[in-house]
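Participant: Chains as they are written, first to last, in my numbering: chain F, 21 to 261; chain H, 739 to 861. Mind looking over this structure? Questions follow.
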Amino acid sequence: AAMSFLKRFPPPAEGVRHQQPDTEAVLAGRALGCGTLYIAESRLSWLENSGVGFSLDYPTISLHAVSRDLSAYPSEHLYVMVNAKFGEEETKEAPMAEGEEEEDSDDEGEPIAEFRFVPSDKSALEAMFSAMCECQALHPDPDDEDSDNDYEGEEYDVEAHELQQGDIPTFYTYEEGLSHLTAEGQATLERLEGMLAQSVSSQFHMAGVRTEDSIREFEDGMEVDIAPVVAGQFEDAEVDH
Amino acid sequence: MEVSHSVKERTIAENSLVILLQGLHGLVTTVDLRDESTATGRVTNVDAFMNMRLAEVTFTDRQGVVSRLDELFVTGRNVRYVHIPDEVDIRATIERQLQAIHRVRYFGGRDKGRKEFPRAKHK
Numbered sequence: 021a022a023m024s025f026l027k028r029f030p031p032p033a034e035g036v037r038h039q040q041p042d043t044e045a046v047l048a049g050r051a052l053g054c055g056t057l058y059i060a061e062s063r064l065s066w067l068e069n070s071g072v073g074f075s076l077d078y079p080t081i082s083l084h085a086v087s088r089d090l091s092a093y094p095s096e097h098l099y100v101m102v103n104a105k106f107g108e109e110e111t112k113e114a115p116m117a118e119g120e121e122e123e124d125s126d127d128e129g130e131p132i133a134e135f136r137f138v139p140s141d142k143s144a145l146e147a148m149f150s151a152m153c154e155c156q157a158l159h160p161d162p163d164d165e166d167s168d169n170d171y172e173g174e175e176y177d178v179e180a181h182e183l184q185q186g187d188i189p190t191f192y193t194y195e196e197g198l199s200h201l202t203a204e205g206q207a208t209l210e211r212l213e214g215m216l217a218q219s220v221s222s223q224f225h226m227a228g229v230r231t232e233d234s235i236r237e238f239e240d241g242m243e244v245d246i247a248p249v250v251a252g253q254f255e256d257a258e259v260d261h
Numbered sequence: 739m740e741v742s743h744s745v746k747e748r749t750i751a752e753n754s755l756v757i758l759l760q761g762l763h764g765l766v767t768t769v770d771l772r773d774e775s776t777a778t779g780r781v782t783n784v785d786a787f788m789n790m791r792l793a794e795v796t797f798t799d800r801q802g803v804v805s806r807l808d809e810l811f812v813t814g815r816n817v818r819y820v821h822i823p824d825e826v827d828i829r830a831t832i833e834r835q836l837q838a839i840h841r842v843r844y845f846g847g848r849d850k851g852r853k854e855f856p857r858a859k860h861k
C-alpha cells in the first residue's frame with residue numbers, strides 16, 4: 021500500500037542538472053529500491069530500474085542535506101524533507117495510511133515526509149546537493165507574503181512591467197539570462213545599453229524604472245547583470261513618463 | 739559573502755533584512771525551522787529569498803533527535819528564526835553588506851555610478 025505512489029513515467033528529458041544512477045531511495049526508513057535520481061529544474065524524480073518511481077516538486081521540499089553521519093544513518097546519503105503528505109501530489113488522493121506511516125501519529129504540525137537518496141557513489145553527494153540547491157533556487161515561494169519583495173511599478177520590476185505581470189516567479193542570473201538571448205535579443209540588449217549610456221541629462225524612464233539619475237543603466241563597467249531578458253522583450257518597451 | 743550577480747537579488751537584499759543574514763556568511767548560526775527543528779552551522783550562502791545554505795551542521799529534528807549534516811539547504815519559506823550570533827554588530831554588518839553592493843554597482847570609479855533604484859517606497 022505504501023508503494024502505491026510509485027508510477028511509471030519516462031525520465032525527464034530537459035533541464036536535468038544532475039543524474040545519479042545506482043541510487044537507492046528510502047522513504048521514512050522503508051527502502052523503495054534501486055534506481056536513478058534525476059535532479060531536474062522542473063522537479064526531482066527517482067525511477068527504479070524497473071521503470072516505476074515518483075517525483076517531488078521543489079516548492080514542497082523544505083530542505084535537503086548531505087548526511088555523512090553514520091551514527092544517524094548507516095549510509096552516506098542525500099536527505100530530502102518534503103512538506104507534504106506523500107502520495108497526494110500526483111493524484112489528489114491522500115491515503116491516510118501513508119500519511120500516518122510517515123510521521124508520528126501525534127503529529128499536529130505539518131505533514132513531513134523524509135526521503136533519503138543513497139547513491140552507491142558517495143563522492144557524488146556534493147554534486148547532487150549543489151544541483152538541488154540550484155534547482156530549488158529556481159522555485160521561490162509564490163506565497164511569500166511576509167517579505168516586501170513585490171517591488172511594483174516604478175521601483176523595480178522592469179521585466180514584470182513590460183510583460184504586464186506581477187511578481188515574476190523565476191529569474192535568471194546574468195549567465196543564464198544571456199544564454200537565453202537569441203542573436204537578435206543580444207543585439208537589442210546592446211542597442212538599449214548604448215541608448216541608456218548616451219542619454220545624459222534628462223530624466224529617462226524605461227518601463228517603470230524610476231531613474232532620475234540612472235542614465236548609465238543598471239550596470240557600469242564590467243558588472244554584468246542586465247535584468248533577465250526574454251528574446252524580443254524590449255521590442256515593445258513603453259517609455260513611461 | 740559575494741554579492742549576487744542578479745540585479746533583482748541585490749535590490750531585494752538591499753531593501754530587506756536578508757542583507758543582515760547575508761552578512762553572517764562564515765559564522766556559526768542557529769536557524770529555527772518552521773517545523774520546529776533547528777540547525778546550527780556555518781552560513782555559506784543566503785539568497786534574496788532567504789534560502790540558506792549551512793555547512794557542518796548539527797541538526798535537531800522536531801523530535802529532538804540530533805544528527806550531523808555536512809551541508810544543509812533550507813528554503814526561505816521554512817526558516818522561522820535566525821539567531822544572530824551575539825558577537826555580531828548588526829548595524830555594522832548591514833553597512834558592510836550595503837557597501838559591498840555599492841562597490842559592485844559603482845564599478846567604474848567612485849562617484850561615477852548611479853543608484854540602481856531609489857529608496858524603496860513605503861508600502
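Note that CB positions come from ideal geometry on N, CA and C, so glycine has one too.
For the beta strand (DSSP E) that V820 of chain H lies in, which residues bound it at each end?
Facilitator: Within the second sequence, residue 820 of chain H is the residue found at index 82, counting from 1. V820 of chain H -> beta strand (DSSP E) spans V817 to H821.
Participant: By Cβ distance, which residues of its chain are closer than 6 Å to G779 of chain H, with the 5 residues on each side in sequence left out?
Facilitator: Locating residue 779 of chain H in the second sequence gives position 41, counting from the first residue. Cβ neighbours of G779 of chain H beyond the five flanking positions: L792, A793, E794 and V795.
Participant: What does R791 of chain H reach in chain F if we use C-beta pairs closer than 8 Å?
Facilitator: The residue given as residue 791 of chain H occupies position 53 in the second sequence. Neighbours of R791 of chain H on chain F, chain order: C153.
Participant: Give the residues from the segment 805-828 of chain H that approach chain F closer than 7 Å (Cβ to any Cβ), ordered along the chain.
Facilitator: Correct list: S805, R806, L807, D808, E809, L810, F811, V812, T813, G814, R815 and N816.
Participant: Measure the alpha-carbon distance for Y99 of chain F versus F29 of chain F and round it to whole angstroms.
Facilitator: As a position in the first sequence, residue 99 of chain F is number 79, starting the count at 1. As a position in the first sequence, residue 29 of chain F is number 9, starting the count at 1. Our two residues, Y99 of chain F and F29 of chain F, have alpha carbons roughly 23 Å apart in a direct line.
Participant: Which residues in the same chain as I828 of chain H place their Cβ atom closer than 7 Å to its Cβ, once the five residues preceding and following it in sequence are excluded?
Facilitator: For the purposes of this step, residue 828 of chain H is taken as residue 90 along the second sequence, with counting starting at 1. So the qualifying residues of the chain are L758 and I822.
Participant: Looking at the unbroken alpha helix (DSSP H) that takes in T749 of chain H, where does it start and where does it end?
Facilitator: By one-based count along the second sequence, residue 749 of chain H stands at place 11. Looking at the DSSP string, the run of the alpha helix (DSSP H) that includes T749 of chain H is V745 to E752.
Participant: Counting Cβ pairs, one atom from each stretch, are 3 or more of them under 8 Å apart for the segment 805-812 of chain H and the segment 85-94 of chain F?
Facilitator: yes
Participant: Check K27 of chain F in the structure and name its three-state DSSP category.
Facilitator: Against the first sequence, residue 27 of chain F aligns to sequence position 7. Here K27 of chain F sits in strand by DSSP.
Participant: For G73 of chain F, which beta-bridge partners are listed by DSSP?
Facilitator: Taking the first residue of the first sequence as 1, we reach residue 73 of chain F at position 53. Per DSSP, the beta bridge partners of G73 of chain F are F:K27 and F:L67.
Participant: Over the uninterrupted beta strand (DSSP E) stretch that includes E809 of chain H, give me the two end residues.
Facilitator: Residue mapping note: residue 809 of chain H aligns to position 71 of the second sequence, counting from 1. Segment V804 to V812, the beta strand (DSSP E) holding E809 of chain H.
Participant: V766 of chain H CB to nearest chain F CB: under 9 Å?
Facilitator: Working through the second sequence from its first residue, we reach residue 766 of chain H at position 28. Chain F, which has no Cβ nearer than 9 Å to the Cβ of V766 of chain H, makes this no.
Participant: Using a Cβ-Cβ cut-off of less than 9 Å, give me the residues of the segment 756-786 of chain H that come near chain F, in sequence order.
Facilitator: V756, L771, R772, D773, E774, S775, A777, N783, D785 and A786
Participant: Any beta carbon of chain H sitting closer than 9 Å to that of E108 of chain F?
Facilitator: The sequence position of residue 108 of chain F within the first sequence is 88, counting from 1. For E108 of chain F, the predicted model reports a pLDDT of 39, less than 50, meaning its position is unreliable; a value from the coordinates is still stated below. Chain H contact via Cβ: absent.
Participant: By the 10 Å Cβ neighbour count, where 16 or more other Cβ atoms means buried, how is H200 of chain F classified, buried or exposed?
Facilitator: In the first sequence, the residue the question calls residue 200 of chain F occupies position 180. Classification of H200 of chain F: exposed, given that the 10 Å Cβ count is below 16.
Participant: Please decide whether R834 of chain H counts as near chain F, where near means a Cβ-Cβ distance under 9 Å.
Facilitator: Mapped onto the second sequence, residue 834 of chain H falls at position 96. Against chain F, the CB of R834 of chain H has no partner CB under 9 Å away; the residue lies outside that interface.
Participant: Of all the options F:M215, F:H159 and F:G197, which has the alpha carbon lying nearest to the alpha carbon of F787 of chain H?
Facilitator: Against the second sequence, residue 787 of chain H aligns to sequence position 49. Among F:M215, F:H159 and F:G197, the Cα nearest to that of F787 of chain H is on F:H159.
Participant: The beta strand (DSSP E) that contains T782 of chain H, what's its start and end?
Facilitator: On the second sequence, position 44 is the one that residue 782 of chain H refers to. T782 of chain H: member of the beta strand (DSSP E) spanning T776 to V784, first to last residue.
Participant: Specify the secondary structure class of F797 of chain H as computed by DSSP and reduced to three states.
Facilitator: Here residue 797 of chain H refers to the residue found at position 59 when the second sequence is read from its first residue. F797 of chain H: strand per DSSP, three-state reduction.
Participant: Can a CB atom of chain H be found closer than 9 Å to the CB of F25 of chain F?
Facilitator: Position 5 of the first sequence, counted from the first residue, corresponds to residue 25 of chain F. F25 of chain F does not count as touching chain H.
Participant: Between D61 of chain F and chain H, is there a C-beta pair that is closer than 9 Å?
Facilitator: In the first sequence, the residue the question calls residue 61 of chain F occupies position 41. Reading the sequence as shown, one finds Glu at residue 61 of chain F and not Asp. Not an interface residue.
Participant: Measuring CA to CA, which of F:E68, F:M215 and F:S82 is closest to V46 of chain F?
Facilitator: As a first step, residue 46 of chain F must be located in the first sequence, where it is residue number 26. Comparing alpha carbon positions, the residue from F:E68, F:M215 and F:S82 closest to V46 of chain F is F:E68.
Participant: Is it true that the segment 766-785 of chain H meets the segment 139-147 of chain F, where meeting means three or more beta-carbon pairs spaced less than 8 Å apart?
Facilitator: With the cut-off at 8 Å, the segment 766-785 of chain H and the segment 139-147 of chain F do not touch.
Participant: Does the Cβ of E747 of chain H have 16 or more other Cβ atoms within 10 Å, making it buried, or fewer, making it exposed?
Facilitator: Working through the second sequence from its first residue, we reach residue 747 of chain H at position 9. That one is buried.
Participant: Taking only beta-carbon atoms, is R88 of chain F less than 9 Å away from chain H?
Facilitator: Position 68 of the first sequence, counted from the first residue, corresponds to residue 88 of chain F. Interface residue, yes.
Participant: Just checking my contact of L64 of chain F with L76 of chain F at CB under 8 Å: how many whole Å lie between their CB atoms?
Facilitator: Locating residue 64 of chain F in the first sequence gives position 44, where the first residue counts as 1. Locating residue 76 of chain F in the first sequence gives position 56, where the first residue counts as 1. Contact holds; Cβ gap of about 4 Å.
Participant: Determine which residues share a DSSP beta bridge with E44 of chain F and list them.
Facilitator: Here residue 44 of chain F refers to the residue found at position 24 of the first sequence. Looking at the DSSP assignment, E44 of chain F forms a beta bridge with F:C54 and F:V138.
Participant: Could you tell me the distance, in whole angstroms, from the CA atom of H84 of chain F to the CA atom of Y819 of chain H?
Facilitator: The residue labelled residue 84 of chain F in the question sits at position 64 within the first sequence. The residue labelled residue 819 of chain H in the question sits at position 81 within the second sequence. Using only the alpha carbons, I get a separation of about 18 Å.
Participant: Pull up the distance between the alpha-carbon of E833 of chain H and that of A157 of chain F, whole angstroms please.
Facilitator: The residue you call residue 833 of chain H lines up with position 95 of the second sequence. The residue you call residue 157 of chain F lines up with position 137 of the first sequence. Note on geometry: alpha-carbon atoms of E833 of chain H and A157 of chain F lie some 26 Å from one another.
Participant: I'd like the list of long-range same chain contacts for V750 of chain H, defined as Cβ closer than 6 Å, with 5 residues on each side in sequence excluded.
Facilitator: Your numbering for residue 750 of chain H matches position 12 in the second sequence. The residue asked about is misnamed: residue 750 of chain H is Ile in this sequence, not Val. For I750 of chain H, where only same-chain residues beyond five positions count, the Cβ hits under 6 Å are A786.
Participant: Taking 9 Å as the cut-off, decide whether the C-beta atoms of L762 of chain H and V781 of chain H are in contact.
Facilitator: Counting from one through the second sequence, the residue named residue 762 of chain H turns up at place 24. Counting from one through the second sequence, the residue named residue 781 of chain H turns up at place 43. Against a cut-off of 9 Å, the Cβ pair of V781 of chain H and L762 of chain H comes out as a contact.
Participant: Assign T202 of chain F to one of three DSSP states: helix, strand, or coil.
Facilitator: Numbered from 1 along the first sequence, position 182 holds the residue referred to as residue 202 of chain F. Reduced to three states, the DSSP call for T202 of chain F is coil.
Participant: Spell out the partners DSSP gives M790 of chain H in its beta bridges.
Facilitator: The sequence position of residue 790 of chain H within the second sequence is 52, counting from 1. H:V784 and H:V812, per the DSSP bridge assignment.
Participant: Whole angstroms is fine: what's the gap from E118 of chain F's alpha carbon to K27 of chain F's?
Facilitator: Stepping through the first sequence from its first residue, residue 118 of chain F is reached at position 98. Stepping through the first sequence from its first residue, residue 27 of chain F is reached at position 7. Residue placement at E118 of chain F is flagged as unreliable, the pLDDT there being 46, under the threshold of 50; a coordinate-derived value is accordingly withheld.
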